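Colleague: Counting with our numbering, you get residues 11 to 483 for the letters of the sequence shown. Once you've had a glance at the structure underneath, I'll fire off some questions.
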Amino acid sequence: MSALSQYWILVTIDGFGKCRTSEVEEAKVFFYQQFPALANQGQENLPHRDIQRQLVQLLQSKAIVSLQEDDCWRMTKCCLRCFISNQMKQVCLELERKFGDKHDFKGVDLLPMVLDRTRSLRINATDGVEKVPDSLTTRILHTFDPNKSNLSTWTTRMVKSDKEVRRFLLEHGIEQVTDWSILNRVTSGGLERILSEFYQRTSVEIEQAVQLLDSYHQVYRAQILKQRRQQGKAGVRSKYPPPSDEQLRQIAKRLSVNSEQEVLQRLQELAKLLREYRIYKRGGVVPIDYLDGLGTRVREEAISSVNITEDKDELTEALGNYLYPCLLQAVEQVIINRVNYLQNKNPQKAENFLKALHLFHCQGVAMAEIATQLSFNAQYQVTRLLELKTFRADIRQKTLLHLRDRIFELVQKYRNPDSILDLEQKVTAFLEPQIDKVIQEAKKEASTSKNRVMNSQLSQTVCQYLDTRRKDK
Numbered sequence: 011m012s013a014l015s016q017y018w019i020l021v022t023i024d025g026f027g028k029c030r031t032s033e034v035e036e037a038k039v040f041f042y043q044q045f046p047a048l049a050n051q052g053q054e055n056l057p058h059r060d061i062q063r064q065l066v067q068l069l070q071s072k073a074i075v076s077l078q079e080d081d082c083w084r085m086t087k088c089c090l091r092c093f094i095s096n097q098m099k100q101v102c103l104e105l106e107r108k109f110g111d112k113h114d115f116k117g118v119d120l121l122p123m124v125l126d127r128t129r130s131l132r133i134n135a136t137d138g139v140e141k142v143p144d145s146l147t148t149r150i151l152h153t154f155d156p157n158k159s160n161l162s163t164w165t166t167r168m169v170k171s172d173k174e175v176r177r178f179l180l181e182h183g184i185e186q187v188t189d190w191s192i193l194n195r196v197t198s199g200g201l202e203r204i205l206s207e208f209y210q211r212t213s214v215e216i217e218q219a220v221q222l223l224d225s226y227h228q229v230y231r232a233q234i235l236k237q238r239r240q241q242g243k244a245g246v247r248s249k250y251p252p253p254s255d256e257q258l259r260q261i262a263k264r265l266s267v268n269s270e271q272e273v274l275q276r277l278q279e280l281a282k283l284l285r286e287y288r289i290y291k292r293g294g295v296v297p298i299d300y301l302d303g304l305g306t307r308v309r310e311e312a313i314s315s316v317n318i319t320e321d322k323d324e325l326t327e328a329l330g331n332y333l334y335p336c337l338l339q340a341v342e343q344v345i346i347n348r349v350n351y352l353q354n355k356n357p358q359k360a361e362n363f364l365k366a367l368h369l370f371h372c373q374g375v376a377m378a379e380i381a382t383q384l385s386f387n388a389q390y391q392v393t394r395l396l397e398l399k400t401f402r403a404d405i406r407q408k409t410l411l412h413l414r415d416r417i418f419e420l421v422q423k424y425r426n427p428d429s430i431l432d433l434e435q436k437v438t439a440f441l442e443p444q445i446d447k448v449i450q451e452a453k454k455e456a457s458t459s460k461n462r463v464m465n466s467q468l469s470q471t472v473c474q475y476l477d478t479r480r481k482d483k
């Protein structure tokens, strides 16, 4: 696709939640009528800013006195909508390239959240504002100022700051805030509390982290704030740049550290811990290393220092006895929490969630068919209602916690108090792979598109709870 064709090729979402691309011939003809000089120009260095400024001026013009001018107004809006839709798609694909592999999502998962639906737009008239008044495209059009930025930059900013997109990314463990912004915001007291209560770090580790943060604040934050005051930008929200080499040297000197690179690495590691904590507090998915309040490094050291062989047979036997009851308890808690949350927002959503959950896990019904049975307009609405990735992650977390508590209570009586922490870490490390098998089995089962048979332990447990719930009513 050429750079110019972005102004007459429209990207939308169809009724099945799929991305569709269509050429609007009327918009193409209109575009070349407005910009005839571009017909024979190459695709390099196109004056997008000037093009967009002229289109916005046409759009905002109040001198609509004839049908011809009215058509001109609609075609102008169509060209801008086309450009925005193409840019939205690029932003979603860029987010996939940046985070998709690590956080298990595709750009197409984001597209239904930002693109307009095909049936909401009359492609030949291309107005559609009355039918989709609250769409992201409409908000972008209403807030775009060609004198302050170009349309691609503004669209990117609006997509990344959209509430639904941010929620989706957060649920996948992504928070789009720089390390330096996170470190600037946290206080020494807040850091001490997080490392102590959430990560259960030792007093020595906490003291070292607080010293690092204080030095960072005294050098980097103080200099940045002073610089912004001098530039008259105090209070203006903008990105914090990475620390300069000179700032890293100053921090290293305060900490008696020889290497600036070591300081940078320690700051990034500290920011990562704080980021994971922020995601957890906002209800997002975090790596399992953090779910039981222990960092990766602490756990690895504990496992390497304690031999699990002597308890393995007992742990294996207990696992067989307790896994199903703990899984059932976790399933019940997660479903109840989700139903209560939806009930407070919209009782019908809660009812639809239970129906969709039963159709998917107990009858193996495809998402598209579930959408039809629930009278939804598109398949992606079912995907967003069920949120299977988050659903499985929550069940995994609660199952691990319930199972760990039961088994830990069983075996700790054989140990002296000094080895209790090591034992707890051993038990957790032993249980995680066992629970992962249950979750991965369910994930693989759900990804099957045809002839789906829901026989996984998780699906069977979900169905048992749903059946019990219906009988109790």
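We put the beta carbon where it would ideally sit given N, CA and C, even for glycine. Predicted model only: the values in this text are computed from it and were never measured.
1. So what does DSSP say about I184, is it helix, strand or coil?
2. With respect to the beta strand (DSSP E) encompassing T31, which residues constitute its N-terminal and C-terminal limits?
3. Going straight from the alpha carbon of Q470 to that of V187, what length do you get?
4. Can you tell me whether L56 is helix, strand or coil according to DSSP?
5. For D404, count neighbouring Cβ atoms within 10 angstroms of its own Cβ and tell me buried if that reaches 16, exposed if not.
6. Alpha helix (DSSP H) containing I216: first to last residue?
7. Looking only at its own chain, which residues have a Cβ that is under 8 Å from the Cβ of L284, when we skip the five neighbours before and after it?
8. Please classify V101 as buried or exposed, where buried requires at least 16 other C-beta atoms within 10 Å of its C-beta.
9. Take every Cβ of the stretch 19 to 29, pair it with every Cβ of the stretch 381 to 399, and state whether three or more of those distances are shorter than 8 Å.
10. Relative to the C-alpha of H58, which candidate in G374, Y17, K291 has its C-alpha closest?
11. What are the boundary residues of the alpha helix (DSSP H) that I289 is part of?
12. Sorted by chain position, which residues of the same chain lie with C-beta nearer than 8 Å to R402's C-beta, five sequence neighbours on each side aside?
13. Anyone know if the C-beta pair for A340 and V349 falls short of 8 Å?
14. Per DSSP, what are the beta-bridge partners of R127 in this structure?
15. Give the straight-line distance between the Cα atoms of Q275 and K112, rounded to the nearest whole angstrom.
16. Spatial neighbours of L179 within its chain, please: CB distance less than 6 Å, with the 5 preceding and 5 following residues excluded, ordered by chain position.
17. For a test of the three-state rule: what should DSSP assign to F178, helix, strand or coil?
18. Counting beta carbon pairs with one atom in the stretch 160 to 171 and one in the stretch 223 to 230, are three or more of them shorter than 8 Å?
19. Give the range of the alpha helix (DSSP H) segment to which M464 is assigned.
20. Look at the alpha carbon of K108 and the alpha carbon of R211, and state the distance between them as a whole number of angstroms.
Modeller: Straight from the coordinates:
1. Residue 184 sits at position 174 when you count from the first residue of the sequence shown. Residue state, collapsed to three classes: coil.
2. Position 21 of the sequence shown holds residue 31. Residues 29 to 33.
3. Counting from one through the sequence shown, the residue named residue 470 turns up at place 460. Counting from one through the sequence shown, the residue named residue 187 turns up at place 177. Between Q470 and V187, the C-alpha separation is close to 40 Å.
4. Position 46 of the sequence shown, counting from 1, holds the residue named residue 56. Coil, per DSSP.
5. Looking up residue 404 in the sequence shown gives position 394. Buried, by the Cβ-count rule.
6. Position 206 of the sequence shown, counting from 1, holds the residue named residue 216. Taken as a continuous stretch (DSSP letters only), the alpha helix (DSSP H) holding I216 covers 213 to 226.
7. Locating residue 284 in the sequence shown gives position 274, counting from the first residue. So the list reads I192, L193, V196, L201, I204, once near-sequence residues are dropped.
8. Within the sequence shown, numbered from 1, the residue matching residue 101 stands at position 91. Answer is buried; the Cβ neighbour count reaches 16.
9. yes
10. On the sequence shown, position 48 is the one that residue 58 refers to. Here the closest residue by C-alpha is Y17.
11. Here the question's residue 289 lines up with position 279 in the sequence shown. Start and end: 270 to 291.
12. Translated into the one-based positions of the sequence shown, residue 402 becomes position 392. So the list reads I449, A452, K453, L468, once near-sequence residues are dropped.
13. The sequence position of residue 340 within the sequence shown is 330, counting from 1. The sequence position of residue 349 within the sequence shown is 339, counting from 1. No.
14. Within the sequence shown, numbered from 1, the residue matching residue 127 stands at position 117. According to DSSP, R127 bridges with I23.
15. In the sequence shown, residue 275 corresponds to position 265, counting from 1. In the sequence shown, residue 112 corresponds to position 102, counting from 1. Rounded to whole angstroms, Q275 to K112 spans 21 Å at the Cα level.
16. The sequence position of residue 179 within the sequence shown is 169, counting from 1. Cβ within range, chain order: n/a, list empty.
17. Numbered from its first residue, the sequence shown carries residue 178 at position 168. Residue state, collapsed to three classes: helix.
18. no
19. Here residue 464 refers to the residue found at position 454 when the sequence shown is read from its first residue. Premise fails: M464 is in no alpha helix (DSSP H) and is neither H nor E.
20. As a working note, residue 108 is residue 98 in the sequence shown. As a working note, residue 211 is residue 201 in the sequence shown. In a straight line, the C-alpha of K108 is about 31 Å away from that of R211.
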